[in-house]
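Presented below is the structure to which this report refers.
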Amino acid sequence: MRRMLALVRASWLTAASYRLNMLVSLVSLLMMVIPVYFVAGALQPVMADSIAGQGGEYFGFLLVGIITLMFLTTAVTSLPTALGSSIASGTFEALLGTRARLGEIVAGTVGYAFIWTAVRALLLLVVGLALGAPLMGERSPAALLILGLIILAYIPFGLLAAAGVLAFKTSGSLPAAVLTVSGLLGGVYYPTQVIPSWLQDLSMAVPLTYGLRALRAVVLEGGSLRASAPDLAVLSGFALALFGLSLYVFTLAVRHAKGSGTLAQY
Numbered sequence: 018m019r020r021m022l023a024l025v026r027a028s029w030l031t032a033a034s035y036r037l038n039m040l041v042s043l044v045s046l047l048m049m050v051i052p053v054y055f056v057a058g059a060l061q062p063v064m065a066d067s068i069a070g071q072g073g074e075y076f077g078f079l080l081v082g083i084i085t086l087m088f089l090t091t092a093v094t095s096l097p098t099a100l101g102s103s104i105a106s107g108t109f110e111a112l113l114g115t116r117a118r119l120g121e122i123v124a125g126t127v128g129y130a131f132i133w134t135a136v137r138a139l140l141l142l143v144v145g146l147a148l149g150a151p152l153m154g155e156r157s158p159a160a161l162l163i164l165g166l167i168i169l170a171y172i173p174f175g176l177l178a179a180a181g182v183l184a185f186k187t188s189g190s191l192p193a194a195v196l197t198v199s200g201l202l203g204g205v206y207y208p209t210q211v212i213p214s215w216l217q218d219l220s221m222a223v224p225l226t227y228g229l230r231a232l233r234a235v236v237l238e239g240g241s242l243r244a245s246a247p248d249l250a251v252l253s254g255f256a257l258a259l260f261g262l263s264l265y266v267f268t269l270a271v272r273h274a275k276g277s278g279t280l281a282q283y
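The sequence shown runs contiguously to residue 283 in the numbering used here.
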């Protein structure tokens with residue numbers, strides 16, 4: 018645990034040395050909320066019927082989707098990005114030679130990225146509430162549980178992308194493909210029932226579809242976890258299956274990189 022926290026602290030110290038970048042990131046986030054608010058208001062009459070079962074308020078619908086997508090982006094991209102940087106600097110190879118477990122190294126590598134995403138998401142949430150987003154704060158524990166499940170279902174894609182970095186020195190188009198498909202078919206910006214039927218069938222293979230449906234039912238409708246049990250069961254199945262596969266592939270990639278000595282040739 019101490020080793021993981023030390024890695025998180027190291028990432029924080031590096032990021033804190035670029036204070037202007039952090040400030041620009043926060044200001045850009047705040048500037049993005051205002052247009053979203055007005056666009057949501059303009060589209061409210063058009064979207065009202067299709068989102069009637071998910072709060073009925075398009076700004077709240079969008080806010081939940083955007084915040085969730087922020088965490089998914091971190092889950093999918095933070096590990097391969099950080100791993101590529103640490104391999105290039107020789108840090109990752111040095112860490113593998115320490116007593117730190119592989120799990121501690123991975124968690125410590127992405128820990129700061131998730132903390133920073135949480136800070137930005139909280140800021141976005143506060144601004145959204147100030148603008149009148151109808152989110153039910155009393156359902157926060159259930160919402161955090163569902164959000165955690167969604168993240169767990171997408172971390173495996175980050176592990177697979179990181180395995181590509183270790184084995185082939187690139188994550189390829191996997192992160193972009195996962196985020197694009199999830200954004201378009203997962204119900205981030207519109208409910209999945211408004212897309213063509215053949216795309217609706219494809220959306221059933223996207224973990225985010227189930228996660229967002231359950232999350233919105235809880236925070237926008239005040240529903241219980243029990244009512245969303247079918248969606249949560251499918252989401253949990255995705256997380257378990259994908260984690261098993263991705264951990265196996267990532268472990269193989271680490272062994273290959275250590276055995277072939279390619280870490281020093283990155």
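Just so it is clear, CB atoms sit at the ideal spot from N, CA and C, and this is done for glycine as well. It should be emphasised that the depicted structure is a prediction, and the values quoted were computed from it without experimental measurement.
inquiry  = Taking the straight line between their C-alpha atoms, what separation do you get for A170 and A57?
reply    = Taking the first residue of the sequence shown as 1, we reach residue 170 at position 153. Taking the first residue of the sequence shown as 1, we reach residue 57 at position 40. A direct Cα-Cα distance of roughly 28 Å separates A170 from A57.
inquiry  = Quick test of your reading: A234 and G240, contact by CB under 8 Å. State the CB separation rounded to the nearest angstrom.
reply    = Mapped onto the sequence shown, residue 234 falls at position 217. Mapped onto the sequence shown, residue 240 falls at position 223. With a Cβ gap of about 4 Å, A234 and G240 count as contacting.
request  = Return helix, strand or coil for P158, following the three-state DSSP convention.
outcome  = Taking the sequence shown and counting its residues from 1, the one referred to as residue 158 is at position 141. Helix at P158.
ask   = Can you list, in chain order, the residues of its chain whose CB lies under 6 Å from that of M18, leaving out five sequence neighbours each side?
value = Residue 18 sits at position 1 when you count from the first residue of the sequence shown. There are no such residues.
Whole-Å CB distance - V93 paired with A178, under 8 Å assumed = Walking along the sequence shown from the start, residue 93 turns up at place 76. Walking along the sequence shown from the start, residue 178 turns up at place 161. The Cβ separation is near 7 Å, so the contact holds.
T187, DSSP secondary structure in three states = The count along the sequence shown starts at 1 and reaches residue 187 at position 170. If DSSP states are grouped into helix, strand and coil, T187 belongs with coil.
inquiry  = To the nearest angstrom, how far is the alpha carbon of E157 from that of R137?
reply    = Walking along the sequence shown from the start, residue 157 turns up at place 140. Walking along the sequence shown from the start, residue 137 turns up at place 120. In the sequence on display, residue 157 carries Ser and not Glu. Between S157 and R137, the C-alpha separation is close to 17 Å.
First and last residue of the uninterrupted alpha helix (DSSP H) at I132 = By one-based count along the sequence shown, residue 132 stands at place 115. L119 to A147 is the extent of the alpha helix (DSSP H) around I132.
Start and end residues, alpha helix (DSSP H) containing Q217 = Your numbering for residue 217 matches position 200 in the sequence shown. Start and end: S214 to S220.
ask   = How about A270 and L183: do their beta carbons lie closer than 7 Å?
value = Locating residue 270 in the sequence shown gives position 253, where the first residue counts as 1. Locating residue 183 in the sequence shown gives position 166, where the first residue counts as 1. Cβ distance < 7 Å, so A270 and L183 count as in contact.
key: Best match in L219, S220, A246 and M221 for proximity to L232 [C-alpha to C-alpha]   = Here residue 232 refers to the residue found at position 215 when the sequence shown is read from its first residue. When only C-alpha atoms are compared, the closest one is A246.
request  = Using the Cα positions of V63 and E155, report the straight-line distance between them to the nearest angstrom.
outcome  = Numbered from its first residue, the sequence shown carries residue 63 at position 46. Numbered from its first residue, the sequence shown carries residue 155 at position 138. When rounded, the distance between both Cα atoms is 29 Å.
message = So, for L100: in the same chain, excluding its five sequence neighbours on each side, which residues have a beta-carbon less than 8 Å away from its beta-carbon?
response = In the sequence shown, residue 100 corresponds to position 83, counting from 1. Closer than 8 Å at the Cβ level, and outside the excluded window around L100, lie F109, T126, A179, V182 and L183.
query = With a CB to CB cut of under 7 Å and the five nearest residues on each side skipped, what residues in its chain are close to L201?
reply = In the sequence shown, the residue the question calls residue 201 occupies position 184. None.
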